[in-house]
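What follows is one structure encoded as C-alpha cells, with my remarks underneath.
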Amino acid sequence: SQTIHQWPATLVQPVGSPLSLECTVEGTSNPNLYWYRQAAGRGLQLLFYSVGIGQISSEVPQNLSASRPQDRQFILSSKKLLLSDSGFYLCAWSRWGQETQYFGPGTRLLVL
Amino acid sequence: GDSVTQMEGPVTLSEEAFLTINCTYTATGYPSLFWYVQYPGEGLQLLLKATKADDKGSNKGFEATYRKETTSFHLEKGSVQVSDSAVYFCALSEGANSKLTFGKGITLSVRP
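Top to bottom, those sequences are chains V and Y. The first sequence: position 3 = 3 (this note's numbering), numbered continuously. Convert by adding 112 to the 1-based position in the second sequence; the result is the number in this note's numbering.
As C-alpha cells, this is what we get:
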C-alpha cells in the first residue's frame, strides 16, 4: 500500500530564517506531487505541483520554492520566512493519469 | 477560472440529526467532484467522489450526487455522530494530472 510522510510535524521558526519541509511517498512510482497551504480561516491554496523529477510548477508567486530531487521526494523551501508564511502545509500525491489526491499528515508552521 | 463555493459555517448539530452541506462549482469543462474530510490536527482524507453527471458518491453513510444542471454536489448524511465532527472540503478536478480546486471548507461540530 502507499503511504505519504511529512516532517517535521510542527515547526516554530523566527522571521527571516530558512525553511525546509520534506515529503516522501512510498509504495508507488512516478507520482504527481503537490504542496498546499492552509492558513487559519481559509481554504487550501495550491502552492506547487510536480509531474516528474525536476519538474515544478508554481501556482502562486511568493518567497517559497519547491524541488523534487528524487521521484518520490518533494521539498518545500524558503530562504527567509515571513510572518505570513505561518500555516498548515500539506503534501499530496496522485497516481499518474488519475485525479484523486491523497494527503499527508501535514506540517504546522508558526513563524514568530 | 474554476471555483468551488461552500456554504458558510460553522455548523453545529445534535447527534442523529440530518446533515446537508451545500457545494456549488464553476468549471469550464466536465470536472470530477470530491468531498474531503479533515479531522482535528490531521491531513485531508478522501470521503467520496463522483466523476460524471448523476453519479452518486457514498462512504461512511455520507452521500453526494453530481448535479450538472445545478452545478452542485451537496453532501448529506441521515444521522450524524459525534465522530463526524471535522472540517469538510468540497473540491473539483478538471482531469487526470490536474490540480484540485477547493472550497473554503466548513467546520461541523456534533453534540452528544
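Virtual Cβ for every residue (Gly too), placed ideally from N, Cα, C.
Cβ atoms of Leu145 (chain Y) and Lys161 (chain Y) come within 8 Å of each other, at about 7 Å. Listed as beta-bridge partners of Ile56 (chain V) by DSSP are no residues whatsoever.
Taking each of V:Arg42, V:Lys79, V:Thr28 in turn and checking the Cα distance to Ala92 (chain V), the smallest one comes out for V:Thr28. The Cβ-Cβ distance between Val12 (chain V) and Leu76 (chain V) does not fall below 9 Å. When DSSP reads this structure, Trp35 (chain V) sits in a beta bridge with V:Phe48, V:Cys91.
Beta-bridge annotation (DSSP): Gln150 (chain Y) is paired with Y:Leu156, Y:Val199. A straight-line Cα-Cα distance of about 28 Å links Gly43 (chain V) and Asn30 (chain V). In the structure shown, Val25 (chain V) falls within a strand segment according to DSSP collapsed to helix, strand and coil.
For the segment 116–151 of chain Y, the full-length beta strand (DSSP E) segments reaching 3 residues or more read 123–126, 131–133, 135–138, 144–150 along the chain. Just measuring C-alpha positions, the residue of Y:Tyr178, Y:Val222, Y:Ser197 sitting nearest Glu154 (chain Y) is Y:Ser197.
Scanning Y:Gln193, Y:Leu220, Y:Ala176, Y:Val116 for the CA closest to the CA of Phe185 (chain Y) turns up Y:Ala176. If you check the CB distance, Thr183 (chain Y) and Asp114 (chain Y) do not come in under 9 Å.
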